[in-house]
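Beneath this line is the structure, given in structure tokens, with notes to follow.
Number of protein chains: 2
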Amino acid sequence: MRFFEDTEVGERREIGSFTFTADGIKTFAGQFDPQRFHLDEVEGRNSLFGGLAASGWHVASVCMKLIVADAKQLARDAAARGETVAAWGPSPGFRELRWIKPVLAGDTISFASEVESRRASDSRPAWGILQIRNTGTNQRGELAFSVLATAFVPRRNA
Amino acid sequence: MRFFEDTEVGERREIGSFTFTADGIKTFAGQFDPQRFHLDEVEGRNSLFGGLAASGWHVASVCMKLIVADAKQLARDAAARGETVAAWGPSPGFRELRWIKPVLAGDTISFASEVESRRASDSRPAWGILQIRNTGTNQRGELAFSVLATAFVPRRNA
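Note that the protein sequences, when read in sequence, are chains Y and A. Following our numbering, the numbering of the first sequence begins with 119 at its first residue and continues without gaps. Following our numbering, the numbering of the second sequence begins with 119 at its first residue and continues without gaps.
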């Protein structure tokens with residue numbers, strides 16, 4: 119994890135991809151979003167989605183899973199180089215959570231993060247604030263998912 | 119599920135409550151958000167959260183679970199009265215996803231929905247569009263979670 123000073127607007131990072139299986143879609147939906155088009159292939163095909171579709175909350179949760187895994191890997195890499203690792207703060211929220219295309223069973227979604235804006239925090243001088251756009255793109259190159267995250271990032275010399 | 123004509127701005131509905139257990143918090147986090155303060159009591163106590171804290175995506179997913187269960191119950195009740203049940207469209211997105219207070223192990227969150235605005239769809243005359251604020255309030259009456267959902271709701275005589 120980097121310090122605020124090491125970030126810049128427009129930088130983009132691929133954070134990993136994930137294939138949504140029918141079983142995985144149904145398991146998540148059974149627990150958290152038991153709507154028919156998330157639970158049954160035929161119902162999915164007959165719905166607006168046109169197939170067994172992952173819950174939007176499943177897609178968002180998988181995005182989070184990959185963000186966390188990527189951050190851990192970055193931290194391990196930095197530690198291995200002997201660098202000080204910045205501990206980012208928890209996110210206070212997300213905005214503009216959008217499911218642009220259905221994520222259907224068998225789809226592979228590639229997630230990426232891009233820094234949209236950055237500023238110093240007025241109220242907390244030890245911190246900077248990034249707005250990070252996280253996106254998910256399917257195997258046909260179509261944007262399927264997007265969410266804008268606010269991140270508190272420590273300043274290097276605070 | 120009601121038709122667009124049966125909804126009004128300001129109407130509020132309690133949609134159920136849920137107690138977040140330590141086991142449930144860790145299970146979700148292990149799958150989707152394996153950060154230390156979501157996985158371990160001591161790490162949670164030593165974090166900004168002050169205790170083992172549920173992933174925000176867990177809180178959002180539980181909110182969805184209760185929304186779906188409530189909608190199914192409403193549909194069953196309406197069907198039992200012999201009324202026509204309106205089939206709402208899938209939500210294209212959510213906005214202003216906010217985790218205002220940590221949700222810690224043992225917390226019981228009561229969720230509610232309130233219609234913030236309603237309008238006819240310009241492009242799809244058979245549908246109306248509601249903005250619905252979903253909130254989660256903890257057992258101390260503190261607002262912990264909030265998200266604004268867009269819902270497509272069929273018009274009665276379309």
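Note that CB positions come from ideal geometry on N, CA and C, so glycine has one too. Nothing here was measured: the structure is a model prediction, and the numbers come from that model.
- A direct Cα-Cα distance of roughly 37 angstroms separates Gln-149 of chain A from Gly-246 of chain A.
- Among the CB atoms of chain A, one or more fall inside 9 angstroms of the CB of Leu-166 of chain Y.
- Pairing Ser-228 of chain A with Asp-151 of chain Y gives a Cβ-Cβ distance that is not under 9 angstroms.
- Considering only Y:Gly-224, Y:Ala-198, Y:Ala-189, Y:Arg-194, the residue with the shortest C-alpha distance to Pro-208 of chain Y is Y:Ala-189.
- Out of A:Thr-145, A:Asn-252, A:Arg-216, A:Arg-154, the CA that lies nearest to the CA of Glu-232 of chain A is found in A:Asn-252.
- Taken through DSSP and simplified to helix, strand or coil, Arg-199 of chain A comes out as coil.
- At a beta-carbon threshold of 7 angstroms, the residues of chain A lying near Glu-214 of chain Y are Arg-213, ordered along the chain.
- Taking C-beta atoms under 8 angstroms as the contact rule, Val-265 of chain Y and Leu-215 of chain Y qualify, at a distance of about 5 angstroms.
- Taken atom to atom, the span from the alpha-carbon of Thr-255 of chain Y to that of Met-182 of chain Y is near 15 angstroms.
- By the neighbour-count criterion, in which a residue is buried when 16 or more other Cβ atoms sit within 10 angstroms of its Cβ, Val-221 of chain Y is buried.
- Contact with chain A is absent for Ala-193 of chain Y, since none of that chain's Cβ atoms lies less than 9 angstroms from the residue's Cβ.
- The beta-bridge partner set that DSSP reports for Ser-231 of chain A consists of A:Arg-131, A:Asn-252.
- Judged by DSSP in its simplified three-state form, Ser-209 of chain Y adopts coil rather than helix or strand.
- In its chain, beyond the 5 residues on either side, Phe-155 have a beta carbon closer than 6 angstroms to the beta carbon of Ser-165 of chain Y.
- Phe-122 of chain Y and Arg-273 of chain Y do touch by the CB rule: their CB atoms are close to 5 angstroms apart, below 8 angstroms.
- Distance check between Ala-140 of chain A and each of A:Val-203, A:Gln-249, A:Ala-171 places A:Ala-171 closest, using alpha-carbon atoms only.
- When C-beta distances to chain Y are compared with 9 angstroms, the residues of the segment 212-245 of chain A below that value are Phe-212, Arg-213, Glu-214, Leu-215, Arg-216, Trp-217, Ile-218, Pro-220, in chain order.
- A Cβ-Cβ separation of about 18 angstroms leaves Ala-262 of chain Y out of contact with Ile-250 of chain Y under the 8 angstroms criterion.
- When the five nearest sequence neighbours on each side are left out, the beta carbons in the same chain lying within less than 6 angstroms of the beta carbon of Lys-144 of chain Y are those of Leu-157, in order along the chain.
- In this structure, the CA atom of Leu-184 of chain Y is about 6 angstroms from the CA atom of Gly-134 of chain Y.
- Contact note: Val-271 of chain Y does not reach chain A at a C-beta cutoff of 7 angstroms; the least C-beta distance is about 14 angstroms.
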